[in-house]
Amino acid sequence: MVLDLIVLKTDDGYTAEIPSMKGCESWAHSEDEAIDKTLELLRFYLHVKSDFKFKIDRARKEGNQIVYKVIFNKDL
């Protein structure tokens with residue numbers, strides 16, 4: 106399964122969200138921390154263990170927004 110992860114740079118940090126998962130979003134001072142927090146929420150929503158690994162690929166940058174692809178096996 107592939108999901109979009111959108112990271113937006115703001116004046117005071119970064120927000121990251123997975124639009125297809127309602128409420129799966131977070132804010133942090135760094136881009137990496139925002140991504141990590143959002144992936145932690147995704148693990149919670151998918152009911153997988155905290156050590157479950159996702160593959161993250163940077164897809165494109167559009168202005169102050171970066172789009173990543175979160176790739177994982179859908180047969181959880």
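Start counting the sequence shown at 106; every next residue gets the next number (the working numbering).
Ideal placement from N, C-alpha and C gives every residue a C-beta, glycine not left out.
What you are looking at is a predicted structure, and each value in this text was computed from that prediction instead of being measured.
**Asked** Once you ignore the five residues that flank D162 on each side, which residues in its own chain have a CB closer than 7 Å to its CB?
**Response** Against the sequence shown, residue 162 aligns to sequence position 57. Taken in chain order, the residues that qualify are Y173, K174, I176.
**Message:** Using C-beta distances below 7 Å, list every residue in its chain close to A133, excluding the 5 sequence neighbours before and after it, in chain order.
**Reply:** Within the sequence shown, numbered from 1, the residue matching residue 133 stands at position 28. Once the five neighbours on either side are set aside, the close Cβ partners of A133 are G118, Y119, A139, K142.
**Message:** For K158 and D116, what's the separation of their Cα atoms in angstroms?
**Reply:** The count along the sequence shown starts at 1 and reaches residue 158 at position 53. The count along the sequence shown starts at 1 and reaches residue 116 at position 11. Rounded to the nearest angstrom, the gap between the Cα atoms of K158 and D116 is 30 Å.
**Item:** Simplified DSSP assignment, three categories, for D141
**Value:** As a working mapping, residue 141 is identified with position 36 in the sequence shown. Note: D141 maps to helix in three-state DSSP.
**Asked** Buried or exposed: which applies to V107, given that a residue is buried once 16 or more other Cβ atoms fall within 10 Å of its Cβ?
**Response** For the purposes of this step, residue 107 is taken as the residue at position 2 of the sequence shown. The residue is exposed, with fewer than 16 neighbouring Cβ atoms inside 10 Å.
**Prompt:** Measuring CA to CA, which of A164, E167, D109, F149 is closest to S125?
**Reply:** Along the sequence shown, one-based indexing puts residue 125 at 20. The candidate whose alpha carbon is nearest that of S125 is D109.
**Closest residue to K193 among E167, H152, V153, N178 (Cα-Cα distance)** = The structure shown does not extend to residue 193, since the chain is modelled only from 106 to 181, so the question has no answer here.
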